[in-house]
Amino acid sequence: DVAKAIINLAVYGRAQNRSYERLAHLVDTVGPRLSGSKNLEEAIQLTYQSLKDSGLENVHLEPVKVPHWERGEESAMMVKPRLYKMAILGLGSSIGTPAEGITAEVLVVNSFDELQRRAIEAKGKIVVYNQPYISYATSVKYRVQGAVEAAKVGALASLIRSVASFSIYSPHTGNQKYQDGVTKIPTACITVEDAEMMSRIASHGTTIVVNLKMGAVNYPDTDSFNTVAEITGSRHPEQIVLVSGHLDSWDVGQGAMDDGGGAFISWEALSLIKDLGLRPKRTLRLVLWTAEEQGGVGASQYYQLHKVNISQYSLVMESDAGTYLPTGLQFTGSDKARSIMEEVMSLLRPLNITQVFTKGEGEDINFWIQAGVPGASLLDDLNKYFFFHHSHGDTMTALDPKQMNVAAAVWAVVSYVVADLDEMLPR
Amino acid sequence: KAIHKASTPQKTFKEIQEEIAGYT
């Protein structure tokens, strides 16, 4: 009755709402946790102590060098055709503007193709991207590459429509990348509303002028940590089922959903198993990654350090797409392993969450998956997730404790059973 | 090679299926 016992404890028993309450305590105390910030390091130290206090084994911190970027003060003022202050969020790793800002005419485009067609018009201007939201994976390239593509055609700065599935005038930040040999220009996200408005104004042939000020600064890399805790395996302690989420966030809202929820249901999975006095045959290892938002920096360094033991990893799991009511598990692995995962998920029939989808993935576990280790991720309502993603709206209010209970139950059953099977998952 | 060494299944799928059913 192991699966039933986990479900009962997580959803109906004394552990219900625990992951939500632990997370609320952390994010209400510390706030958002940007890579390189004191907030993140305080959160890591508090979580490390709480993991030790909760009786988990082999609790330790693994050092990582992480990027340190600060946004500083920032603003965008439309000065023509009317005075209008726009909400913006600078993008991670962006350079700042001169103190007086950059004042320039705007060129609005809907795609990179349109930018190429109108390249001659872009020189000396601020490029505004008004790309449609198709999916996160499709649309995010404008956020990541928008500055580079604009700089290639001589733009002074870029303003990018937020990559969001819905907007109530909310700018959404995120990471962006410069390219060697291409001039670095300041870049920020604007709201869906303002991107559409400027597109409409420009379509009438009206000139738009914007003053953009950004106080962003890139500092040298700083010290941080991946946070690790375990339930040591009883028969094959050297073999690992890795359960994870990331502890860092952007510097807006509370980072409660991305990825406080994922990190804390991962912790909850081990807590549930421990509370029930269970000890799987192989080790359940919780890893709370640092600096995921800057491109899986903590996970990359963990992989370099631990890949020598890759043959001992049965399954890597990451929750980084929300902890709303799960629709199932995304899984990447061989057909044989998938068949086993389908059997494991059938244990969750009491919650009516049994589906195994394709494309198990996560920024932090992809290193392992690409090297052949089976990987799983939690799937829920992604549309809702991207309402709040990287915005001031990412707070505890965006989470639901009851849905987190269910997500934690799924996470615990899957991780425990795979860790306790007589054999590792086949590759 | 290292990846596959530790993961050669000894059990049949039927046996694994029965094993997992034991956790219901």
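As given, the protein sequences belong to chains D and G, one line each in that order.
The C-terminal residue of the first sequence carries number 428 in the numbering used here, and the numbering is unbroken.
The C-terminal residue of the second sequence carries number 60 in the numbering used here, and the numbering is unbroken.
Every residue gets a Cβ at the ideal spot worked out from N, C-alpha and C, and that includes glycine.
Rounded straight-line distance, which links the Cα of residue j to that of residue i
{"i": "R201(D)", "j": "I209(D)", "result": "11 Å"}
{"i": "T328(D)", "j": "Q404(D)", "result": "11 Å"}
{"i": "S20(D)", "j": "E63(D)", "result": "23 Å"}
{"i": "L400(D)", "j": "G182(D)", "result": "43 Å"}
{"i": "K37(G)", "j": "I311(D)", "result": "Note that K37(G) scores a pLDDT of 42, beneath 50, so its modelled location is shaky and nothing firm can be said."}
{"i": "A57(G)", "j": "V60(D)", "result": "32 Å"}
{"i": "A123(D)", "j": "R144(D)", "result": "18 Å"}
{"i": "V3(D)", "j": "L285(D)", "result": "16 Å"}
{"i": "R119(D)", "j": "S168(D)", "result": "28 Å"}
{"i": "R72(D)", "j": "A189(D)", "result": "10 Å"}
{"i": "T60(G)", "j": "K5(D)", "result": "6 Å"}
{"i": "E344(D)", "j": "Q53(G)", "result": "6 Å"}
{"i": "T324(D)", "j": "I241(D)", "result": "23 Å"}
Residue i, DSSP secondary structure in three states
{"i": "I311(D)", "result": "helix"}
{"i": "Y21(D)", "result": "helix"}
{"i": "T209(D)", "result": "According to the sequence as given, residue 209(D) is Ile; it is not Thr. DSSP places I209(D) in coil when its eight states are reduced to three."}
{"i": "A420(D)", "result": "helix"}
{"i": "G58(G)", "result": "coil"}
{"i": "P68(D)", "result": "strand"}
{"i": "R286(D)", "result": "strand"}
{"i": "K142(D)", "result": "helix"}
{"i": "A105(D)", "result": "strand"}
{"i": "S204(D)", "result": "helix"}
{"i": "L243(D)", "result": "strand"}
{"i": "I232(D)", "result": "strand"}
{"i": "H26(D)", "result": "helix"}
{"i": "R280(D)", "result": "coil"}
{"i": "P402(D)", "result": "helix"}
{"i": "Q255(D)", "result": "coil"}
{"i": "G1(D)", "result": "The structure shown does not extend to residue 1(D), since chain D is modelled only from 2 to 428, so the question has no answer here."}
Run of the alpha helix (DSSP H) containing residue i, from where it starts to where it stops
{"i": "Q39(D)", "result": "As written in the sequence, residue 39(D) is Lys, which differs from the Gln given in the question. That run of the alpha helix (DSSP H) goes K39 to D54."}
{"i": "N9(D)", "result": "Careful: N9(D) lies outside any alpha helix (DSSP H) and carries neither H nor E."}
{"i": "F167(D)", "result": "First-last for F167(D): undefined, no H or E at that position."}
{"i": "K86(D)", "result": "No alpha helix (DSSP H) contains K86(D), which is instead part of the beta strand (DSSP E) from Y85 to M87."}
N- and C-terminal bounds of the beta strand (DSSP E) containing residue i
{"i": "D276(D)", "result": "Counting along the chain, D276(D) falls outside any beta strand (DSSP E), though it belongs to the alpha helix (DSSP H) covering G263 to D276."}
{"i": "Y130(D)", "result": "I127 to Y130"}
{"i": "M346(D)", "result": "Where M346(D) is concerned, there is no enclosing beta strand (DSSP E), although the alpha helix (DSSP H) it sits in stretches over D336 to M346."}
{"i": "K81(D)", "result": "E75 to K81"}
Beta-carbon gap between residue i and residue j smaller than 8 Å
{"i": "F387(D)", "j": "S166(D)", "result": "yes"}
{"i": "F226(D)", "j": "V65(D)", "result": "yes"}
{"i": "A196(D)", "j": "V129(D)", "result": "yes"}
{"i": "G172(D)", "j": "T98(D)", "result": "According to the sequence displayed, residue 172(D) carries Pro and not Gly. Taking 8 Å as the Cβ cut-off, P172(D) and T98(D) do not qualify as a contacting pair."}
{"i": "E106(D)", "j": "K126(D)", "result": "yes"}
{"i": "V154(D)", "j": "L116(D)", "result": "yes"}
{"i": "M258(D)", "j": "A25(D)", "result": "no"}
{"i": "L426(D)", "j": "P375(D)", "result": "yes"}
{"i": "L160(D)", "j": "A77(D)", "result": "yes"}
{"i": "L380(D)", "j": "A322(D)", "result": "yes"}
{"i": "T192(D)", "j": "V253(D)", "result": "no"}
{"i": "V411(D)", "j": "I354(D)", "result": "yes"}
Q: Answer yes if the region 256 to 276 of chain D comes into contact with the region 222 to 242 of chain D, meaning at least three C-beta pairs across the two stretches below 8 Å, and no otherwise.
A: Contact holds: three or more Cβ-Cβ distances are below 8 Å.
Q: Please determine if the region 213 to 226 of chain D and the region 89 to 105 of chain D are in contact, where contact requires at least 3 C-beta pairs separated by less than 8 Å.
A: With the cut-off at 8 Å, the region 213 to 226 of chain D and the region 89 to 105 of chain D touch.
Q: Determine contact between the region 244 to 259 of chain D and the region 288 to 296 of chain D, defined as no fewer than three beta-carbon pairs at a distance below 8 Å.
A: With three or more CB-CB distances shorter than 8 Å, the region 244 to 259 of chain D counts as touching the region 288 to 296 of chain D.
Q) Touch check for the region 314 to 327 of chain D and the region 410 to 418 of chain D: three-plus C-beta pairs under 8 Å? A) In short, these stretches touch, since the Cβ pair count reaches three.
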